[in-house]
Amino acid sequence: MPSPTASPGSWDAVDRGILRAAQVSATCRQIADATGLTADLVKNQIEVHVRNGLLAQIVNGGVRYQLTVAGYKRLFDLTDTNTRPGHRAAA
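The letter at position 17 of the sequence shown is residue 594 when you use the numbering used here, and the numbering goes up by one with no holes.
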């Protein structure tokens with residue numbers, strides 16, 4: 578669970594990293610390694626995201642997590658409008 582003293586922007590960055598790493602099926606450790614965050618922090622945030630329907634828990638040769646449609650929407654909302662896939666600068 579996010580710390581009450583953390584700024585909203587920093588938690589958005591944490592969530593963006595976790596959701597981005599879960600675009601392909603990944604374990605908690607793989608997500609932690611990809612984001613550079615601690616395994617405990619990633620585990621706690623994954624639990625929150627699973628409860629909120631942003632990630633799906635897949636048991637296929639081990640526990641893995643993957644983005645749901647709602648997770649992709651949240652990732653899109655968290656992504657800077659200038660770096661979104663398909664974004665083109667105005668001519």
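We put the CB at the ideal spot given by N, CA and C, even for glycine.
>> According to DSSP, simplified to helix, strand and coil, what is A611?
In response: Sequence index remark: in the sequence shown, residue 611 carries index 34 (1-based). It is helical.
>> Cutting at 8 Å between CB atoms, please list the residues of its own chain near A603, excluding the five before and the five after it.
In response: The residue given as residue 603 occupies position 26 in the sequence shown. Same-chain partners within the cutoff: A611, R641, Y642 and Q643.
> What's the gap between the Cα of T645 and the Cα of L655?
Replying inline: The sequence position of residue 645 within the sequence shown is 68, counting from 1. The sequence position of residue 655 within the sequence shown is 78, counting from 1. Those two C-alpha atoms are separated by around 15 Å.
>> To test your reading of the DSSP string, which unbroken alpha helix (DSSP H) runs of 4 or more residues are found completely within the segment 628-658?
In response: 646-655
>> Cutting at 7 Å between CB atoms, please list the residues of its own chain near G639, excluding the five before and the five after it.
In response: Within the sequence shown, the letter at position 62 stands for residue 639. These residues qualify, in order along the chain: T604.
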